[in-house]
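Participant:
Here's what the structure looks like:
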């Protein structure tokens with residue numbers, strides 16, 4: 009790196025400025041050099057020119073490892089999927105869509121069941137029992153009781169971690185427990201609709217003292233399925249993909265076909281009914297998109 013340029017990480021964008029953390033953990037308020045054509049995401053590694061008084065000019069973007077557009081964030085190492093043990097009950101379709109998203113963008117997923125101080129909902133019991141069998145790691149926490157927080161610190165150390173999950177699951181409370189000196193606004197769960205009201209308005213990375221960053225992101229309650237072909241979907245469901253080669257037809261979608269090993273496994277209880285139904289739901293979304301493009 010030349011003497012007048014430095015490498016840094018974009019922590020957030022706010023009011024036309026980019027807040028860049030350098031390798032000495034100093035933060036610079038940067039304006040964009042006009043020649044940059046691509047949009048700058050939170051999580052981008054960038055080259056910038058430091059100026060006086062903590063200012064700077066953002067010069068260029070270092071090629072990304074991955075990028076999400078909704079929400080806009082780059083170079084994510086870990087997708088932490090947060091569901092509540094209760095209040096609200098976990099959303100299995102949202103969980104499976106987030107796992108699909110992580111697989112599609114080559115991001116490591118981690119399932120977290122928060123509010124472990126509450127009696128568990130039947131769906132959270134199912135998650136704890138079924139998903140680790142597929143090789144998906146799972147941890148339990150209570151932001152209120154501060155249990156599991158030390159384990160969580162180890163899991164997210166030295167990574168760019170995105171918090172994702174339904175409103176009301178306790179993402180902001182966990183963030184407050186992990187990051188010293190900040191207070192992320194939280195709201196009580198709405199008793200009328202049994203879900204939280206999302207309070208996060210922009211994507212921001214919060215540095216951790218132990219190394220790494222956490223992003224609390226809006227936009228993960230409604231997941232847009234990425235550009236996956238119908239024939240590719242089962243490969244992103246690892247419990248289904250193990251059986252796809254045993255179907256009678258090579259192009260089996262495990263939907264209406266006969267002699268389907270996946271449907272047989274569902275009937276035998278080897279694949280959870282909810283996982284299969286969520287696969288079918290996502291498949292129908294993909295088929296509807298394909299029809300709309302014709």
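In the working numbering, the protein residues as written are 9 to 302. Quick reminder that beta carbons are idealized off the backbone N, C-alpha and C, glycines included.
1) Excluding five sequence neighbours on each side, which residues of the same chain lie with their C-beta closer than 6 Å to the C-beta of residue 132?
2) Any idea if residue 176 is buried or exposed, counting beta-carbon neighbours within 10 angstroms, 16 or more meaning buried?
3) State yes or no: is the beta carbon of residue 164 nearer than 9 Å to at least one beta carbon in chain B?
4) So, residue 16 versus residue 48, is the Cβ gap smaller than 9 Å?
5) Closest by CA to residue 293, which one among 126, 234, 283 and 257?
6) Judging by CA-CA distance, which residue of 29, 66 and 236 is the nearest neighbour of residue 42?
7) If the criterion is Cβ atoms closer than 9 Å, does the pair residue 248 and residue 279 meet it?
8) Is any non-hydrogen atom of the ligand MG found closer than 8 Å to the C-beta of residue 66, if you look at the structure I gave you?
9) Give me the Cα-Cα distance between residue 257 and residue 223, rounded to the nearest whole angstrom.
10) Run through DSSP, which three-state label would residue 166 get?
11) What residue from 156, 152, 154 and 211 has the CA that sits closest to residue 171's CA?
12) For the putative contact between residue 116 and residue 76, defined by C-beta atoms under 8 Å, what is the C-beta separation to the nearest angstrom?
13) Mind checking residue 32: buried by the 16 CB within 10 Å criterion, or exposed?
14) Using the Cα positions of residue 24 and residue 161, report the straight-line distance between them to the nearest angstrom.
15) DSSP state of residue 69, grouped into three classes?
16) First and last residue of the alpha helix (DSSP H) that includes residue 95?
17) Using 9 Å as the threshold, is the C-beta distance between residue 178 and residue 102 below it?
18) Give me the residue from 138, 60, 282 and 73 with the minimum Cα distance to residue 12.
19) List the DSSP bridge partners of residue 25.
20) Tell me which residue opens and which closes the beta strand (DSSP E) that residue 274 is part of.
21) State the DSSP-derived secondary structure class of residue 143, mapped to helix, strand or coil.
22) Unbroken beta strand (DSSP E) runs of length 3 or more, entirely within the segment 213–251: which are they?
23) For residue 152, which of helix, strand or coil comes out of DSSP?
24) Spatial neighbours of residue 288 within its chain, please: C-beta separation below 6 Å, excluding the five flanking residues on both sides.
25) Could you say which of 129, 168, 285 and 139 lies nearest to residue 73 if we only look at CA atoms?
26) Buried or exposed: residue 307, going by 16 or more other Cβ atoms within 10 Å of its Cβ?
27) Please state whether DSSP places residue 134 in a helix, a strand or coil.
Facilitator: Short version:
1) 93, 98 and 121
2) buried
3) Note that chain B does not occur in the displayed structure, where there is just one protein chain.
4) no
5) 234
6) 66
7) Cβ atoms of residue 248 and residue 279: closer than 9 Å.
8) Although the ligand MG was asked about, the structure shown includes no ligands whatsoever.
9) 43 Å
10) coil
11) Per the Cα distances, 211.
12) No, residue 116 and residue 76 are not in contact; Cβ-Cβ is about 14 Å, not under 8 Å.
13) Burial is judged here by how many other beta carbons sit within 10 angstroms of a residue's own beta carbon; residue 32 has fewer than 16 and is exposed.
14) 32 Å
15) strand
16) Where residue 95 is concerned, there is no enclosing alpha helix (DSSP H), given that its DSSP letter is neither H nor E.
17) No.
18) Ranking the options by Cα distance to residue 12, first place goes to 60.
19) 22
20) Where residue 274 is concerned, there is no enclosing beta strand (DSSP E), although the alpha helix (DSSP H) it sits in stretches over 269–275.
21) coil
22) 221–224
23) coil
24) none
25) Residue 168 is the option with its Cα nearest to residue 73.
26) No answer is possible for residue 307: the residues shown for the chain start at 9 and end at 302.
27) helix
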